[in-house]
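Numbering (our numbering), first residue to last: 105 to 435.
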């Protein structure tokens, strides 16, 4: 399944920017599209008169590579397409300024350049490094990494930030805006397991179980094995099962009359679980274990482990119930 083909992901993420408000202040999470800036903004010709503006001042904002060349220089013609390609693919980490030394010889003379092509990197208004000759593409990439730092995956950084914001919104109960962020992530990264699980959980919370199933439909084998997605699928199964188990009030009355009706108690535990009362759900199953470990082949313990899978290993309810479970198993 592709997230771009998923109508529920699309409905929550048609725009790459999702805006939410939480904590009393507006919050905006952006998932960058990762497109490079237009080459014209990164590469330009300069003159002696404009050198201060185009190179010295500009290099106070980001590294600027100055390519000293001349029309008669064969190696310059070899270097030009390669360095322009690498600078464009660097997506704004550096700028390239080209200077024809036949028309503007004074700057090259001041820098002591005697052979071309010569590329000098300026940072903070000063020359910091350089190379000469038509060097290979790999060497130019290494040079840019040296003066500007390695490439950072802006899109992945944006996705990570959006997922963190979405999680915070879920914790604060803002399901609608959380779903919007998860949907935006899926527009950028259709195979993002955390976003798929997050959006499905939001739909479950909103009572849209069928839509949650649709979000998780036709997953690849790898995605289906993801622990977060598997937990959401199991959660959906638990909800659908609990809906068939009857009236919880009637089950309470049965237990009041017969506390050892373990079948009724396990049913009630499953219902309390999907209602969100995790402590009560765990306590019912632990009570069955204390009284009869053989009931349904230790079914209460197996059901409790299923709850843990959905709640997560660090959920307070999981941690509390595990301690109680250990005391039963090893007492």
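Ideal Cβ positions, reconstructed from N, Cα and C, are used throughout, including at glycine.
All of these numbers come straight from a predicted model, not from anything done at the bench.
Since residue i sits in a beta bridge, which residues does DSSP pair it with?
i           : result
residue 148 : 201
residue 173 : 204
residue 289 : DSSP lists no partner for residue 289.
residue 168 : 199, 226
Can you give me the C-alpha to C-alpha distance between residue i and residue j, rounded to a whole angstrom?
i           : j           : result
residue 392 : residue 292 : 47 Å
residue 433 : residue 394 : 9 Å
residue 388 : residue 370 : 7 Å
residue 306 : residue 169 : 48 Å
residue 231 : residue 280 : 51 Å
residue 315 : residue 300 : 12 Å
residue 200 : residue 210 : 19 Å
residue 126 : residue 265 : Since pLDDT at residue 126 reaches only 25, below the 50 mark, its modelled position is unreliable, and the value read off the structure follows with that caveat. Near 15 Å, if we compare the C-alpha coordinates of residue 265 and residue 126.
residue 152 : residue 208 : 6 Å
residue 380 : residue 361 : 25 Å
residue 406 : residue 273 : 32 Å
residue 172 : residue 164 : 20 Å
residue 347 : residue 253 : 56 Å
residue 419 : residue 195 : 41 Å
residue 259 : residue 162 : 25 Å
residue 189 : residue 218 : 26 Å
residue 296 : residue 344 : 26 Å
residue 74  : residue 158 : The chain is shown from 105 up to 435; residue 74 falls before or after that span and cannot be answered.
Answer with buried or exposed for residue i, where buried requires no fewer than 16 other C-beta atoms within 10 angstroms of its C-beta.
i           : result
residue 51  : Limits of the chain in this structure are 105 at one end and 435 at the other, which puts residue 51 out of reach.
residue 262 : buried
residue 422 : buried
residue 302 : buried
residue 137 : Since pLDDT at residue 137 reaches only 40, below the 50 mark, its modelled position is unreliable, and the value read off the structure follows with that caveat. Burial call: exposed.
residue 203 : buried
residue 176 : exposed
residue 385 : buried
residue 506 : Residue 506 cannot be examined here, being either before or after the span of the chain that is shown, 105 to 435.
residue 324 : exposed
residue 376 : buried
residue 404 : buried
residue 382 : buried
residue 458 : Look at the range of the chain in this structure, 105 to 435, and you will see that residue 458 is not part of it.
residue 213 : exposed
residue 143 : Reliability fails at residue 143, whose pLDDT of 44 lies under 50, so the model's placement of it is uncertain and no value is given.
residue 328 : exposed
Is residue j closer than 7 Å to residue i when the C-beta atoms are compared?
i           : j           : result
residue 373 : residue 359 : no
residue 223 : residue 167 : no
residue 410 : residue 378 : no
residue 304 : residue 319 : yes
residue 174 : residue 220 : yes
residue 267 : residue 298 : yes
residue 225 : residue 179 : no
residue 160 : residue 191 : no
residue 241 : residue 198 : no
residue 413 : residue 335 : yes
residue 390 : residue 339 : no
residue 251 : residue 233 : yes
Is there at least one Cβ from chain B nearer than 7 Å to residue i's Cβ?
i           : result
residue 370 : Among the chains of the structure shown, chain B does not appear; only one protein chain is present.
Just to confirm the assignment: which complete alpha helix (DSSP H) runs, minimum length 4, are found wholly within the segment 213 to 277?
Within the segment 213 to 277, complete alpha helix (DSSP H) segments of at least 4 residues are found at 241 to 252, 258 to 275, given in chain order.
Would you list, in sequence order, the uninterrupted alpha helix (DSSP H) runs of no fewer than 4 residues that lie entirely inside the segment 344 to 390?
If only complete runs of 4 or more residues are kept, the segment 344 to 390 shows the alpha helix (DSSP H) at 352 to 361, 366 to 379, in order along the chain.
Threshold first: 4 residues or longer. Then list the alpha helix (DSSP H) segments lying entirely within the segment 302 to 328, N to C.
313 to 319, 325 to 328
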